[in-house]
Amino acid sequence: MPRTALRICPLCEATCGLTLTIEGAAVTGARGDRDDVFSKGFICPKGAAFGQLDADPDRLRTPLVRRDGRLREATWEEAYDAIAAAVPPLVREYGAQSVGVVLGNPNVHTMAGALYPPLLLKALGTRNLFTASTLDQMPKHVSSGLLFGDPFAIPVPDLDRTDFLLLLGANPIESNGSLCTAPDFPGKLKALRARGGTLVVVDPRRTRTAALADRHLAPRPGSDALLLAALAHTLLTEKLAAPGALEEWTEGLGELEAALGSFTPEAVAPACDLPADEIRTLARELAAAPTAAVYGRIGSCTVEYGTPASWLVDVLNILTGNLDRPGGALFPLPAAGPRPRPAGPGKGFVIGRWHSRVSGHPEVKSELPTAALAEEIETPGEGRIRALIAIAANPVLSAPDGDRLDRALAGLDFMVSVDPYLNETSRHAHVILPPPPPSQSAHHDFAFNGFAVRNQVRYTRAAVPLEAGRLDECEIHARLVLAVSGMHGSAGPEAVDELAVQGALAKETADPGSPLHGQDPARLAGLLTGESGPERRLDLMLRLGPYGDRFGAAAEGQLSLERLLAHPHGIDLGPLRPRLPGVLRTRSGRIELLPDPIAAELPRLRAALADRPAALVLVGRRHLRSNNSWLHNVPALTGGSNRCTLQIHPQDAGRLGLTDGGRARITAEGGSLEVPVEVTDAVRTGVVSLPHGWGHDRAGTRLAVAASVPGANVNQLLNGTRLDRLSGTAVLNGFPVELTPLP
Ligand code: SF4
């Protein structure tokens, strides 16, 4: 008899609650969970394909270990033996920096990816950490770090209450939201308009989101920082800025007008290719709206001035008084996150506490640019990366110049991939540790609740028991920590979780500001519930968190794992509420509106006004049925017309002799590709668009569906030298390209 089970969807940031239909051990259906406190029944085509993804025959079922140059099926014991035999000796001989770690985007969609990588990095002691953030969102972390002192204090638009929403470089109708967790984002945009609100979209493409907007501005890609600076300039010079209550907590307001002095609408108009009047009108409308939120995403982040643009997004929210107020942009308060602390000075946020070995890139949030990974492996000398641990990461497709990285990975002494697939990156591994399908893993969103438009908490246990021969994903990670620590065989995976629990409780009970100060950590650990180490850790985080029961020190009925389990559809914790000044961790204890690193970047931005724009630049794009490179092996998500096409405006196509359905060679500083052409006026003149995450045509992978429609890897056009200077984020949008028709 079929049964049903709940599972939070891990396939994008919206985190919808799903009701799975299960027959035997197979997921045969997925629908939106109407009782889910957050998503209320919403589902998209990706979530509906959960069963196919779960049952993908190309998923690895056992570890693979390289022997005699070939990856062969192995037992878990053999896999961890191989890691234990390779990594600790390498660290002893060449030092901690000889091991690099790459964390891919799917990490933040799993519990294991949130709980164990920090322990792995601590065990290794390496500073060679590369993540998807420097291909995606690091500018936002940096601007939040500089403004608020905490790189994770990212305000999100209050979608359900705002009167005016300005979106830049974001296409949530396709992506379902990013750095803004909002199930049914499309429905929320329609509701905004239905209640008389205004939606303005800034995007060089007429995306499905732009088509829904009251106004669509299509500037030249990469000019977001200039446009935003001109909006701020207009607010300041026309005396429309009204920070209101924020003034008390903000320093640098007085200096801002001078710093943005030269960014008049007239000055930026040619670079943005927008009329100055339109920029002024937008600034006035933004100021006049009862409440408003400005939100910038990938198209404004992965560009040359990504950090200044991200900073200016919040400058506008502050100048209009919309930061930290209902209807504006608010800071979420996740249930498993830290408790709010009293207002006051914090540690602040700095960039460049260390630098990358080869090119001297500054560290940001303890990470180095993923674009620099290949050179750190290839370049001889002390500190060269000789071994790599890649967790849910496929940088051969997602980082600039995958061919170079492909060659570099082939030269590693040792590589471990934690990955369900033999893909373009994991094919270089010496050991592959495959996690089970998502139906066999428990789930809580540690990462995305921190960006959610409503405070809520949900947890789903594994919907299907672990298949014979599989290891739980958390156990895979815990054993990896043991193996690299030289503890393989001498401790079990539960020891890793217990050490984490003990460490957290020791810190808590030693903190004079904690309600648990002075209590016995061992007694508190004994009170934790849960069937596994990860559940005990979740219980601990919930109980110590903002809504937690503090082990009885808080009022009756507060949050714990036990209480959460009694609410399988989740617990609604209410709309976002103002959190200033408690959220601030700057050294001044105030919002530092004009931080030094940004002020130092403004002359470069000013100089960009004089740059001669390239005739043709490239931007990426998102498709509802895709998410980076990791859903291209699911037939239900890959059928239909080829989505990896080069979109070009009819005028540009005519000028260059390109025809719809024909082929073109596209060339940029990093290389060239042959791509199918799609002529469409959905993209503005001077811009072409090619989606990322494709290029599944390398030998040695086991991705039958993806390989049958491989597409072209757009990142091959880059050589990895174009970065947003402050965040080390690769410029993946708005770089110059040339096109020639192919027969
Ligand atoms: S919107 Fe995202 S979370 Fe929701 S069903 Fe689709 S893929 Fe899953």
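My numbering numbers the first residue of the sequence shown as 19 and each following residue consecutively. Ideal Cβ placement from N, Cα and C applies to all residues, glycine included. Because the structure is a prediction, the values reported are computed rather than measured.
Check	Outcome
For the ligand SF4, is there any heavy atom lying closer than 7 Å to the beta carbon of residue 201?	yes
In the DSSP assignment, what are the bridge partners of residue 433?	406
How do the region 149-168 and the region 500-516 stand: do at least 3 beta-carbon pairs fall below 8 Å, yes or no?	no
Hey, how far is the Cα of residue 520 from the Cα of residue 56?	33 Å
Give the DSSP-derived three-state secondary structure of residue 802 in the structure shown.	Any property of residue 802 remains undetermined from this structure, which presents the chain solely from 19 to 761.
What are the partner residues of residue 90, as DSSP defines its beta bridges?	83
Following a CB-centred definition, is residue 423 positioned closer than 7 Å to any heavy atom of the ligand SF4?	no
How would you write the range of the beta strand (DSSP E) that residue 647 sits in, first residue to last?	Note, residue 647: premise wrong, no beta strand (DSSP E); not H, not E.
Could you check whether the Cβ of residue 341 sits closer than 7 Å to any heavy atom belonging to the ligand SF4?	no
Going by DSSP in three states, residue 72 sits in which element: helix, strand or coil?	helix
Checking the sheet assignment: what are the DSSP bridge partners for residue 459?	Paired residue(s): none; residue 459 is not in a bridge.
In three-state terms, what does DSSP make of residue 271?	helix
Leaving out five residues before and five after residue 63 in sequence, what residues of the same chain have Cβ atoms less than 8 Å from its Cβ?	642, 643, 654 and 655
Can you tell me the Cα-Cα spacing of residue 497 and residue 142, whole angstroms?	14 Å
What is the residue span of the beta strand (DSSP E) that residue 234 lies within?	233-235
Quick check: what's the CA-CA separation for residue 579 versus residue 53?	19 Å
Exposed or buried, what is residue 764 when buried is set at 16 or more other beta-carbons lying within 10 Å of its beta-carbon?	This structure does not reach residue 764, given that the chain is present from 19 up to 761, and the question cannot be answered.
Just mark residue 495 as buried or exposed, buried being the case when its beta carbon has 16 or more other beta carbons within 10 Å.	buried
From 704, 433, 422 and 646, pick the residue whose C-alpha is nearest to that of residue 673; which is it?	704
Rounded to the nearest angstrom, what separates residue 749 and residue 688 at their Cα positions?	12 Å
Out of 92, 192 and 47, which one is the CA nearest neighbour of residue 73?	47
Taking the alpha-carbon of residue 116 as reference, which of 342, 401 and 490 has the nearest alpha-carbon?	401
Please list the terminal residues of the continuous beta strand (DSSP E) segment that includes residue 689.	689-697
Under a Cβ-count criterion, where at least 16 other Cβ atoms within 10 Å of its own Cβ denotes burial, should residue 605 be classed as buried or exposed?	exposed
Out of 582, 360 and 355, which has the shortest C-alpha to C-alpha gap to residue 547?	582
Residue range of the alpha helix (DSSP H) that residue 192 falls in?	190-193
Measure how close the beta-carbons of residue 262 and residue 187 come, nearest whole angstrom, since I'm counting them as under 8 Å.	At roughly 28 Å, the Cβ-Cβ gap does not stay under 8 Å, so residue 262 and residue 187 are not in contact.
Helix, strand or coil for residue 473 per DSSP?	strand
Roughly how many angstroms separate the alpha carbons of residue 303 and residue 153, rounded to a whole number?	33 Å
So is the beta-carbon of residue 64 under 7 Å away from any non-hydrogen atom of the ligand SF4?	yes
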